[in-house]
Amino acid sequence: MSKVVASFFGAGLIARRLTGADHGSGTLASLVAFPLALLAARAGLWVHVAATVALIIASLVAARPFATTEGDPNWVVIDEAAGTFVATIGLAFPANVVAWLVFRIADIQKHWFPGVAAAESLGGAVGITADDVIAGLYGLAAGWLVQAVL
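What the sequence shown shows, in our numbering, is residues 43 to 192, in sequence order.
So this is what it looks like as structure tokens:
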């Protein structure tokens, strides 16, 4: 069951099936998570926040067995789903799209965003999850700026 949740219900395994490698699994999973985050947002702010907290907890629990044996495997993408949900809290279009883009850039280019690489270096399931949560906060901040301007 941990592998199912850690792979965000199979989203983290799609790239390997299509290309034979796990590269891009995080972006693919966050693309799957994005419309789910939008649905949670439509249900209300507190539903979105509760879903975000649930994903963060699920990431910490589901990633733990793989963090000890494989480090941070690319197919473990529940953390990217959690980061997507963090990035989009309380945002409407187009701010939520900007937030998602900034989140992905912050997650991929960790060294450009203070705290993201440091969070990943915590190691274990905490490191796997924390860097995406912090990258999601960068996305959320960018989304709030866009939403405030529009």
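Just so it is clear, CB atoms sit at the ideal spot from N, CA and C, and this is done for glycine as well. None of these values were measured; they are calculated from a predicted model.
{"Item": "Looking only at its own chain, which residues have a Cβ that is under 7 Å from the Cβ of A93, when we skip the five neighbours before and after it?", "Value": "A82 and F127"}
{"Item": "Do V119 and F193 have their beta-carbon atoms positioned less than 8 Å apart in this structure?", "Value": "Nothing can be reported for residue 193: it is not among the residues displayed for the chain, which extend from 43 to 192."}
{"Item": "From the DSSP output, in three-state form, read off T130 for me.", "Value": "coil"}
{"Item": "If you run the structure through DSSP and keep just helix, strand and coil, what is S44?", "Value": "helix"}
{"Item": "Below 8 Å between beta carbons: does that hold for H153 and A160?", "Value": "no"}
{"Item": "Do the CB positions of E122 and S44 come within less than 8 Å of each other?", "Value": "no"}
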